[in-house]
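K.L.:
Quick one: structure below, then a few questions.
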Amino acid sequence: MNSTIQELQQRYANLTRTYNQGIIVNPLQTGGRLTDAAKAAMQQFGDGYSVCDHCKGRLEGISNPPIDTFVEKDLPQFIGADAVKLTHGAREGKYLVFHAITKPGDVVVVDRNRHYSSDAAIQRAGLNVVKVDNDGTLERKMNVEDYIPLIKQHRPKLLFITYPDGSVGNLPDVKRLGDIAQEYEIPLVVNAAYAIGRMPISLQDIGADFVIGSGHKSMASMGPVGVLGMKEKWRDILTRPVEGHKGKEIECLGCTVRGTPLITLMASFPEVVERTGRWDEEVAKARWFSGELESLGLEQMGEKPHAHDLMMFQTDVFYQISGKHPQKRAFLYEALKENGIFGVKHGLTKSMKISTYGTSREDLEKVVATFKDLVNRYG
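Here the sequence shown stands for residues 31 to 409, where the numbers follow my numbering.
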């Protein structure tokens, strides 16, 4: 190769993270911050396939570390599922379900607020999409009753909904949709990437067939890792064995997460379970934060009063400032960075997504004060 070893060392051997010490408000990151236990475990199991030291042919059968107990007992109890599979993330969990229980050309009814990766998984599985619209307002509310006429018209093989969505953080009535799914005998898939690990959620309580979580988004773990909970009746279909290879499954391509992402998911699990019991505090904090920003002229999108830490704000005041500021659209990002606040995307001034999850009131007050200073100085 053209580069010397010295050049490669200079380029890659001393990588550091720019935002390691600041206040993180990126919804992708707030729920995935590692616990101290996860950081310690990461050092122990950082080498390649180290979780497989005592493997007898099946990942979920490993007892040292206790992956078997984690997957077969603790995770199912935590999310109210009969069975759980480990995945490389929520999008992989979605595709696993779509591929296993449908065939190309089948119809899936989906919510308008879904993540783009849901479409990627659907298209990869060769499915046809029918969309349920939101209310078209800034609140972007989903009325799950709107699934019914589309069910009658298109006879779908799957229903799909996002809880909450990753744009404005709405929590649609998944329990009612679970009732609808059971009434029409159609499997329901719930993408709960921003729910599992942050807030209480139970597959059994909402009546879903599948519930999908993300470890690196919401369960204090390294990425990529996810969880897929299901009803018992789907276990055999989703765990079909590879012919001639005992303990290996087709849909998982044999095995899934085999390294530090899984170990950090396990090591953080006790704290993750504990923190979901404090969800009311997180919601109260998010509502306080929303009120503070709205008092500055920003407008919170999504449902009100808001019921999740993930929020989107219309920020017309910052857009107006960007038109006359020397740094143009970069000014907001740069101003926040100067104050040790990270996570608002570079160049965005018309709107921004923020998560308050796991962030102290003191730090959030600093964020509010920074926004207030910018409005007063430039607005």
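Glycine included, each C-beta is placed from N, C-alpha and C at the ideal position. Quantities reported herein were computed from a predicted structural model and do not represent experimental measurements.
How is ASN221 classed by DSSP in three states: helix, strand or coil?
P.N.:
Three-state DSSP puts ASN221 in a strand.
K.L.:
State the beta-bridge partners of GLY284 as determined by DSSP.
P.N.:
Its beta-bridge partners are GLU279.
K.L.:
With which residues is ASP141 paired in a DSSP beta bridge?
P.N.:
Bridge partners of ASP141: VAL162.
K.L.:
Confirm, please, whether the CB-CB distance from THR345 to MET296 is below 8 Å.
P.N.:
No, they are not a contact pair.
K.L.:
With three or more beta-carbon pairs closer than 8 Å as the criterion, would you say the segment 312-323 touches the segment 102-110?
P.N.:
Segments in contact, no.
K.L.:
Under the assumption that THR306 contacts PRO230 (Cβ atoms under 8 Å), give the Cβ distance between them as a whole number of angstroms.
P.N.:
So it is a contact: roughly 5 Å between Cβ atoms.
K.L.:
Could you spell out the range, first to last residue, of the beta strand (DSSP E) harbouring THR269?
P.N.:
That residue, THR269, is in no beta strand (DSSP E); it is neither H nor E in DSSP.
K.L.:
What's the C-alpha gap between THR269 and GLY91?
P.N.:
Cα to Cα, THR269 sits roughly 14 Å from GLY91.
K.L.:
Give the secondary structure of ILE92 by DSSP, where H, G and I count as helix, E and B as strand, and everything else as coil.
P.N.:
Of the three classes helix, strand and coil, the one that applies to ILE92 here is coil, per DSSP.
K.L.:
Mark ARG185 as exposed unless 16 or more other C-beta atoms lie within 10 angstroms of its C-beta, in which case mark it buried.
P.N.:
Under this definition ARG185 is an exposed residue.
K.L.:
Taking DSSP's pairing of strands, which residues face GLU322 in a bridge?
P.N.:
DSSP, once it has assigned bridges, lists no residue as partnering GLU322.
K.L.:
Return helix, strand or coil for VAL245, following the three-state DSSP convention.
P.N.:
One detail in the question is off: residue 245 reads as Gly in this sequence, not Val. Looking at GLY245 - three-state DSSP - the assignment turns out to be helix.
K.L.:
According to DSSP, GLU329 sits in a beta bridge with which residue or residues?
P.N.:
Paired residues: GLN344.
K.L.:
Look at the Cβ atom of GLY76, then the Cβ atom of THR290, and state whether they are nearer than 8 Å.
P.N.:
Yes, the Cβ-Cβ distance between GLY76 and THR290 is below 8 Å.
K.L.:
Going by DSSP, which residues form a beta bridge with LYS402?
P.N.:
BP columns for LYS402 are empty, so no partner.
K.L.:
Could you have a look at SER385 and say whether DSSP puts it in helix, strand or coil?
P.N.:
Correct three-state label for SER385: strand.
K.L.:
With which residues is PHE361 paired in a DSSP beta bridge?
P.N.:
DSSP output for PHE361 lists no bridge partner at all.
K.L.:
Thinking THR294 and LEU58 are a contact (beta carbons under 8 Å), I'd like their distance in whole angstroms, please.
P.N.:
Not really, about 16 Å apart at Cβ, beyond 8 Å.
K.L.:
Under three-state DSSP, which class holds MET252?
P.N.:
It is coil, neither helix nor strand.
K.L.:
Which residues mark the beginning and the end of the beta strand (DSSP E) in which ALA113 is found?
P.N.:
Counting along the chain, the beta strand (DSSP E) containing ALA113 begins and ends at 113-117.
K.L.:
Based on Cα-Cα distance, which residue from GLY227, TYR214 and ALA238 lies nearest to VAL255?
P.N.:
VAL255 has its Cα closest to that of GLY227, out of GLY227, TYR214 and ALA238.
K.L.:
Can you list, in chain order, the residues of its chain whose CB lies under 6 Å from that of ASN158, leaving out five sequence neighbours each side?
P.N.:
Cβ within range, chain order: VAL137.
K.L.:
Kindly identify the DSSP beta-bridge partner or partners of ILE54.
P.N.:
Answer by DSSP bridge pairing, in chain order: PHE372.
K.L.:
Kindly indicate which three-state DSSP category ILE216 falls into: helix, strand or coil?
P.N.:
ILE216: coil per DSSP, three-state reduction.
K.L.:
Indicate whether ILE236 and LEU258 have their beta-carbon atoms separated by less than 8 Å.
P.N.:
No, the pair does not count as a contact, with Cβ atoms beyond the cut-off.
K.L.:
I need the boundaries of the beta strand (DSSP E) containing PHE108, first residue and last residue.
P.N.:
Looking at the DSSP string, PHE108 is not in any beta strand (DSSP E); the run it does join, the alpha helix (DSSP H), is 105-109.
K.L.:
Going by the DSSP bridge assignment, what does PHE240 pair with across the sheet?
P.N.:
Note: PHE240 sits in a beta bridge opposite VAL219 and MET260.
K.L.:
Taking the beta carbon of THR48 as the centre, do at least 16 other beta carbons fall within 10 Å, making it buried, or is it exposed?
P.N.:
Exposed, since its Cβ has fewer than 16 Cβ neighbours within 10 Å.
K.L.:
Out of curiosity, what's the CA-to-CA distance linking MET252 and ALA70?
P.N.:
Each residue's Cα considered, the two are about 13 Å apart.
K.L.:
Shortest alpha-carbon distance to GLU169 belongs to which of ASP266, GLY199 and ASP83?
P.N.:
When each option's Cα is compared against that of GLU169, the closest is GLY199.
K.L.:
DSSP has ILE226 in a bridge; who is on the other side?
P.N.:
Beta-bridge pairing links ILE226 to MET229.
K.L.:
Could you pull the DSSP bridge partners for THR192 from this structure?
P.N.:
ASN221.
K.L.:
Are the beta-carbon atoms of ALA68 and ALA222 separated by less than 8 Å?
P.N.:
Contact: no.
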